[in-house]
Amino acid sequence: MEKEETGTKGLEGKSPRFAEHLKSQIVKDGDKDVTLQCTIKGSDKFDIVWLHNEKEVKSSKDFQYVTEGDVHKLVIAEVYPEDSGTYTCEAFNDAGEAFSTCTLHVLVPGEPVVGPGFSIYPRSATVGEGQPATFKCVTDREALGVRWQKDGKALEADPRHQTSQDGRSCTLVITQARTTDVGQYTAVAVDKTGETVATFALNVLSESDQL
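Residue numbers for the sequence shown follow my numbering, so the first one is 77 and each next one is one higher.
Shown next as structure tokens:
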């Protein structure tokens with residue numbers, strides 16, 4: 077596994093946590109130096125691995141791992157259609173792990189658009205146990221509907237899960253987050269032409285992690 081080891085002194089025994097999560101992007105086929113970045117704090121030492129569609133991205137001239145202080149980047153030298161999909165940054169040490177997920181959508185000129193696009197993507201979040209977690213997305217045109225998934229399966233019915241749709245805006249609220257809510261979530265927007273997905277992550281800090 078290609079890992080990047082990094083850290084800050086004075087935070088021994090702490091698990092890493094994301095102070096700023098990855099941000100989903102829409103780019104064009106052939107764009108250069110496309111950068112996915114996040115900020116990780118909370119630990120003196122941890123390893124990092126980047127994933128594309130759940131497969132490890134090894135550091136190379138085409139996909140560079142870059143660290144600037146607490147900021148961690150994956151720089152894609154030139155994007156191609158096959159680079160579309162879900163990207164995840166995982167940070168981990170002996171005390172625990174955290175992760176952030178985003179969607180990279182590579183537009184190809186001349187290709188038909190399938191499904192409603194997202195003008196605002198839901199963004200990964202870190203919340204404390206018992207706190208609400210809110211995820212919002214806006215489609216670029218009216219969708220027939222948006223459904224929510226967790227770890228690849230339909231989001232289970234739960235009084236804590238509140239979903240709403242107002243025109244092109246859709247929201248998921250988990251009213252009282254639990255550690256069992258940690259995972260990878262997906263918003264699936266559907267219209268007559270097909271469907272489009274946006275993926276994001278939820279990290280929940282236990283009471284001890286918040287100290």
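The beta carbon of each residue, even a glycine, is placed where N, CA and C say it ideally should be.
All values reported here derive from a predicted model rather than from experimental measurement.
Residues bridged to residue i (per DSSP)
i: N169; result: G172
i: K131; result: H128
i: T275; result: T262
i: T202; result: N279
Residue i and residue j closer than 7 Å at C-beta
i: D146; j: T115; result: yes
i: L248; j: F276; result: no
i: K117; j: N169; result: no
i: K149; j: V142; result: yes
i: A253; j: Q225; result: no
i: M214; j: I196; result: Before going on, a small fix: residue 214 reads as Val here, not Met. Yes, Cβ-Cβ distance for V214 and I196 is below 7 Å.
i: V184; j: D159; result: no
i: E187; j: V125; result: no
Unbroken beta strand (DSSP E) run spanning residue i, endpoints
i: D267; result: 259-267
i: H237; result: 237-242
i: V222; result: 221-226
i: S195; result: 194-196
i: V147; result: 147-154
i: R93; result: 93-96
i: A209; result: 209-215
Helix, strand or coil at residue i [DSSP, three-state]
i: E158; result: helix
i: T164; result: strand
i: T256; result: helix
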